[in-house]
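The structure under discussion appears below in the form of structure tokens.
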Amino acid sequence: MGVIKKKLVRKVLDMLKKIAPEKFDEFWKEYSTNLKLGVMEDPSNRNRLAKLLRFRSSADPEKQTTLEAYVERMKEKQQGIYYMAGTSREEVENSPFVERLLKKGFEVLYLTEPVDEYCIQSMPEFESKKFQNVAKEGLKLDDGGKSEEQHKLLEEQFKPLCDWLKNKGLNDKIEKAIVSQRLTKSPSALVASSWGWSGNMERIMKSQAYAKARDPSQEFYAKMKKTFEINPRHPVVRELLRRVEEDAEDPVAQSTAHLLFETATLRSGRKL
1 MGVIKKKLVR
11 KVLDMLKKIA
21 PEKFDEFWKE
31 YSTNLKLGVM
41 EDPSNRNRLA
51 KLLRFRSSAD
61 PEKQTTLEAY
71 VERMKEKQQG
81 IYYMAGTSRE
91 EVENSPFVER
101 LLKKGFEVLY
111 LTEPVDEYCI
121 QSMPEFESKK
131 FQNVAKEGLK
141 LDDGGKSEEQ
151 HKLLEEQFKP
161 LCDWLKNKGL
171 NDKIEKAIVS
181 QRLTKSPSAL
191 VASSWGWSGN
201 MERIMKSQAY
211 AKARDPSQEF
221 YAKMKKTFEI
231 NPRHPVVREL
241 LRRVEEDAED
251 PVAQSTAHLL
261 FETATLRSGR
271 KL
């Protein structure tokens with residue numbers, strides 16, 4: 001029976017791939033969640049199911065895209081499939097995490113359904129391209145050697161501020177402070193570790209916790225400190241550096257740091 005079941009499932013998946021686009025759109029509206037759950041729960045057919053998935057993206061405000069189409073549009077030196085999860089397209093599109101990506105013309109998948117982030121996390125890669133949650137640490141954009149040199153100079157220039165934020169300004173709130181490579185407009189952002197929860201996942205997990213007994217592991221992830229990224233080109237951050245270098249006890253610097261942290265927390269999809 002097991003062999004028959006496997007063959008039937010694969011036959012159905014092959015049939016779905018052949019459905020005309022307009023007909024598949026109707027099917028997708030009705031059964032998209034089922035297909036995403038299939039990706040999570042059926043490893044043997046994960047690759048086949050992944051080819052049927054559709055997501056919103058920065059490439060088109062109206063139409064959804066397949067993962068195959070995304071890969072075809074990837075830039076030559078793009079390192080992975082970028083995605084950002086949130087409650088709506090508007091929230092994700094205005095997130096500080098996508099600022100530089102969109103400015104540089106990189107396409108970002110917008111995961112706006114509750115099951116989407118779970119689904120993508122169950123797939124480490126697609127067609128040898130790794131998925132990259134842009135709300136987590138480790139985001140790297142290949143802009144060439146000159147850009148890397150400039151970033152190292154900025155890291156050296158802002159090291160006094162990063163050290164002050166970690167050891168004094170926000171010492172009980174953050175894991176570390178670093179110069180951001182993803183921000184262009186916002187002064188700061190709160191970034192999860194590679195194994196931590198994004199703001200979207202934290203919101204989902206906390207809402208589920210109210211409906212059932214809390215899992216001890218949830219407490220661990222919920223309390224993990226985040227990385228505080230600063231935008232070295234933002235005037236507020238530059239002024240903060242000036243104040244800290246002049247007087248580490250400056251009360252205005254202290255209040256500014258806390259305001260930046262609270263703003264970054266909210267804009268990163270988290271609660272204070």
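Counted the way the UniProt record's numbering counts, the sequence shown spans residues 1 to 272. C-beta atoms are modelled at their ideal positions from N, C-alpha and C, and glycine is treated no differently. On a predicted model such as this, the values are computed, not experimentally measured, just so you know.
Output the distance between the C-alpha atoms of residue 196 and residue 23, rounded to the nearest integer angstrom. Position 196 of the sequence shown, counted from the start, is the residue given in the question as residue 196. Position 23 of the sequence shown, counted from the start, is the residue given in the question as residue 23. When only Cα atoms are considered, residue 196 and residue 23 end up about 39 Å apart.
Would the stretch 101-121 and the stretch 155-164 be scored as touching if the rule is three or more Cβ pairs under 8 Å? Taking 8 Å as the limit for Cβ pairs, the verdict is that the stretch 155-164 does not touch the stretch 101-121.
Spell out whether any CB of chain C is found under 9 Å from the CB atom of residue 260. Absence of chain C from the displayed structure is noted, only one protein chain being present.
Whole-angstrom Cβ separation of residue 183 and residue 133, contact assumed at under 8 Å? Sequence index remark: in the sequence shown, residue 183 carries index 183 (1-based). Sequence index remark: in the sequence shown, residue 133 carries index 133 (1-based). Going by Cβ atoms, the distance from residue 183 to residue 133 rounds to 16 Å, so no, they are not a contact pair.
Who are the Cβ neighbours of residue 38 in its own chain at under 6 Å, not counting the five residues just before and after it? The count along the sequence shown starts at 1 and reaches residue 38 at position 38. The beta carbon of residue 38 sits closer than 6 Å to those of 49, all from its chain and outside the five residues before and after it, given in chain order.
Which listed residue (135, 177 and 246) has its alpha carbon closest to that of residue 194: The sequence position of residue 194 within the sequence shown is 194, counting from 1. Measuring from the Cα of residue 194, the nearest candidate turns out to be 135.
Run the proximity test for residue 247: is its beta-carbon closer than 8 Å to any non-hydrogen atom belonging to the ligand MG? In the structure shown, the ligand MG is absent, as is every other ligand, since no ligand is present at all.
Kindly identify the DSSP beta-bridge partner or partners of residue 136. The count along the sequence shown starts at 1 and reaches residue 136 at position 136. Note: residue 136 sits in a beta bridge opposite 192.
Whole-angstrom distance between residue 131 and residue 124, CA atom to CA atom: The residue given as residue 124 occupies position 124 in the sequence shown. The residue given as residue 131 occupies position 131 in the sequence shown. Each residue's Cα considered, the two are about 6 Å apart.
My understanding is that residue 261 touches residue 173, with C-beta atoms under 8 Å, so please give their C-beta distance in whole angstroms. Looking up residue 261 in the sequence shown gives position 261. Looking up residue 173 in the sequence shown gives position 173. 6 Å between Cβ atoms; contact.
May I ask which residues mark the beginning and end of the alpha helix (DSSP H) holding residue 239? To locate residue 239, count along the sequence shown from 1; it is residue 239. Where residue 239 is concerned, the enclosing alpha helix (DSSP H) stretches over 235-246.
Decide if residue 1 is buried, meaning its Cβ has at least 16 other Cβ atoms within 10 Å, or exposed. For the purposes of this step, residue 1 is identified with residue 1 of the sequence shown, where counting begins at 1. Residue confidence for residue 1 is low, a pLDDT of 48 falling below 50, so the modelled location carries little weight; the figure read from the coordinates is stated next. By the neighbour-count definition (other C-beta atoms within 10 Å, threshold 16), residue 1 is an exposed residue.
Helix, strand or coil for residue 57? Go by DSSP, reduced to three states. Within the sequence shown, residue 57 is the residue found at index 57, counting from 1. Shown here, residue 57 sits in a strand according to DSSP, grouped into three states.
Determine the closest residue to residue 236 out of 228, 188 and 272, with distance taken between C-alpha atoms. Along the sequence shown, one-based indexing puts residue 236 at 236. Taking only the C-alpha atoms, the option nearest residue 236 is 188.
What ranges does the beta strand (DSSP E) occupy inside the stretch 91-133, keeping only unbroken runs of at least 3 residues that lie completely in it? Within the stretch 91-133, the runs of beta strand (DSSP E) that reach at least 3 residues and sit entirely inside it are, in chain order, 109-111 and 129-133.
Roughly how far, in whole angstroms, is the beta-carbon of residue 80 from the beta-carbon of residue 129, given that I think they are within contact range, below 8 Å? Start at 1 with the first residue of the sequence shown, and residue 80 comes out as number 80. Start at 1 with the first residue of the sequence shown, and residue 129 comes out as number 129. Going by Cβ atoms, the distance from residue 80 to residue 129 rounds to 6 Å, so yes, they are a contact pair.
Kindly list the residues whose CB is nearer than 7 Å to the CB of residue 224, restricted to its own chain and excluding five residues on each side of it in sequence; keep chain order. On the sequence shown, position 224 is the one that residue 224 refers to. If we look at residue 224 and ignore the five residues flanking it on each side, its Cβ neighbours are 193 and 196.
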